[in-house]
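A.B. asks: This structure is in structure tokens; I'll ask about it shortly.
In the working numbering, the protein residues as written are 31 to 616.
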């Protein structure tokens, strides 16, 4: 018997739980080493002592209540309790007997703290979640809502807890919402969209997720998350409206429009395309670019060039070219091509606008012919006036030479000077008489300007003029006649140099203007011009120069206009002159 008792005590000493026993008077009769360690007391110090005397703070805690329950009702008790003097949580199991009470306990402070932290973590996730979070019982009654849910529909937590979800769903969405809820109660997560009713009566579009709450393999409720997508819905509706507007714009546009997918096949054409070229949409849709029947063979190289440009994200703006009608006739068109980007900026195809200018070109040619006749009349009058004087001088001096041969050399110099003036006038007239440019080439304005400046640099140095350049953009490719534009730039730079007889600075700027235009600015510090002089610029034979013809500015302006450009001049006496040339980018 003694050996069995020793074995029992040895077992109690080896167990990892704290263990103690008290008699009916609550005096310690046994305490193992682990219990002594957990209570920060020695075994010898506690044996025979009263538990409530040694640990008086426990009287007001759960320990006192539960131990007495076990003794009085003779039932085992299990509980967790916090013992503040030791700042420790204990997991306790107490077993009564007629002679007293035996208690097993262990320190669960770490686990309890982790549990509290988890609880606080989940509570924080619930409370701080920017989306509305809530839970229902199996009948659809609200059990809990977070602040975001209160803000979503305008109800307080107390108001929610007195309601089911059904009154808060729009009438036309109730059946569908209940259907999804019942599936969630059956154990399957559901996600759907519906219209919720705000407390003020307004409609809130929400994206809802319902998840079954499962405890011990049994669904005890439904956990939900609702995201306000009202703004998204409005954006989607606005996008649909814009898409409709765009489709309407394309279909009802007076110009022919083709849309190409990123594979290079036609995916859409409008009614104006059918009207302009005679081909039905069904005959064009899904055709690759190079199988389109509207492309003449002589412009294939141009088409390849434009295709390469648009695939690199460049635009083609109002390029004059030709296309074919179904009946084989040629149609003059202005071609514009724009890349189409997807949501992340990658090329997703391109759009082509073809403006039929066949009739417009005929009208322009008629207007040009009329204008040429008008100019010819002006030129004829000018020529009669300007050439008469030099011819008269030549005639007179030749007569004098016959009568006074000794003055021959001086008179001969004057004759040569007047003949040169006639040659200058005639050369200017010949330029005006040249046909308009028929073929444009892709050129870099920066390069052309550098070449012209190099040509005139020595003249500028001789006249003490400093040429300053500011080329602010690299995208300076245009379709142009290189020689004609060089002629314009030479004319403007020479005029600027001659306008600064005492020297000065000539600023030449090239910069992009808007998205599809290039601005070329010539700004000098010369003598400038009056308003009256500016108003007469471009009139044949009107000039402010001693040896000028008055045709240079007129020719330059015509060249720029033939390149679909504009010329603007600003000048004030003694304040210099600024010439702005605006040309379309490629």
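Positions of the beta carbon are idealized from the N, C-alpha and C atoms, including for glycine.
This one's a predicted model, so the numbers in the text were calculated from it and none came from an experiment.
1. Am I right that residue 316 and residue 334 are in contact with their C-beta atoms under 8 Å? What's the rounded C-beta distance?
2. Do you know offhand how far residue 475's Cα is from residue 346's?
3. Kindly confirm or deny that the stretch 515–532 and the stretch 580–600 touch, where touching means at least three C-beta pairs closer than 8 Å.
4. Using only the alpha-carbon positions, how far apart do residue 143 and residue 207 sit?
5. Would you report the Cα separation of residue 83 and residue 134, rounded to the nearest angstrom?
6. Are residue 533 and residue 604 touching if we call contact CB-CB under 7 Å?
7. Among the residues of its own chain, which have a CB less than 6 Å from the CB of residue 596, if the five just before and after it don't count?
8. Would you call the CB atoms of residue 361 and residue 353 closer than 7 Å?
9. List in chain order: all unbroken alpha helix (DSSP H) runs of 4+ residues lying wholly within the stretch 318–357.
10. Which residue wins for smallest C-alpha separation from residue 129, given the options 199, 57, 115?
11. With a threshold of 8 Å, are at least 3 pairs of Cβ atoms found where one atom belongs to the stretch 94–101 and the other to the stretch 109–129?
12. Starting from residue 95, trace the alpha helix (DSSP H) both ways and give me its first and last residue.
13. Alpha carbon to alpha carbon, how far is residue 388 from residue 599? Give it in angstroms, no decimals.
14. Which term fits residue 210, buried or exposed, when burial requires 16 or more other beta carbons within 10 angstroms of its beta carbon?
15. Given this structure, state the Cα-to-Cα distance separating residue 314 from residue 271, to the nearest angstrom.
16. Once the 5 residues before and after residue 243 are set aside, which same chain residues still bring their CB inside 7 Å of it?
17. Output yes or no for whether 7 Å exceeds the beta carbon distance between residue 281 and residue 300.
18. Report back the beta-carbon spacing between residue 137 and residue 118 to the nearest angstrom; my notes put them in contact at under 8 Å.
19. Along the beta strand (DSSP E) that carries residue 504, what are the first and last residues, could you check?
20. Can you tell me where the alpha helix (DSSP H) with residue 227 in it begins and where it stops?
21. Would you give the residue range spanned by the beta strand (DSSP E) that residue 163 belongs to?
22. Using the beta-carbon count (16 or more within 10 Å), is residue 261 buried or exposed?
23. Could you give the first and the last residue of the continuous beta strand (DSSP E) run that contains residue 241?
24. If you compare alpha carbons, which of 183, 195, 161, 182 is closest to residue 173?
25. For residue 378, which three-state DSSP category applies?
26. Ordered along the chain, which non-local residues of its own chain (more than five positions away) have a Cβ less than 8 Å from that of residue 94?
27. Drop a sphere of 10 angstroms on the beta-carbon of residue 513, count the other beta-carbons inside from all chains shown, and report buried for 16 or more, exposed for fewer.
28. Please report the residue range of the alpha helix (DSSP H) in which residue 215 lies.
29. What residue range does the alpha helix (DSSP H) around residue 260 cover?
30. To the nearest angstrom, report how far apart residue 175 and residue 190 are at their CA atoms.
31. By Cβ distance below 8 Å, which residues in the same chain neighbour residue 70 in space, the five residues on each side in sequence not counted?
32. Quick check on residue 465: buried or exposed, where buried means 16 or more other Cβ atoms within 10 Å of its Cβ?
33. Does residue 511 come out as helix, strand or coil in the three-state DSSP assignment?
34. Start and end of the beta strand (DSSP E) containing residue 534?
35. The beta strand (DSSP E) spanning residue 299 covers which residue range?
36. How many Å lie between residue 278 and residue 287 at the Cα?
C.D. replies: Taking the definition as stated:
1. In fact, because the Cβ distance is near 21 Å, the residues do not count as touching under 8 Å.
2. 17 Å
3. yes
4. 40 Å
5. 20 Å
6. no
7. 612
8. yes
9. 330–341
10. 57
11. yes
12. 92–103
13. 33 Å
14. buried
15. 27 Å
16. 165, 249, 250, 251, 252, 253
17. yes
18. 6 Å
19. Where residue 504 is concerned, there is no enclosing beta strand (DSSP E), given that its DSSP letter is neither H nor E.
20. Residue 227 -> not in any alpha helix (DSSP H); beta strand (DSSP E) instead, spanning 220–227.
21. 162–166
22. exposed
23. 233–245
24. 195
25. strand
26. 82, 88
27. exposed
28. 204–215
29. 260–282
30. 7 Å
31. 116
32. Here the model assigns residue 465 a pLDDT of 43, short of 50, so the residue's position is not dependable and the matter cannot be decided.
33. coil
34. 534–543
35. 296–299
36. 12 Å
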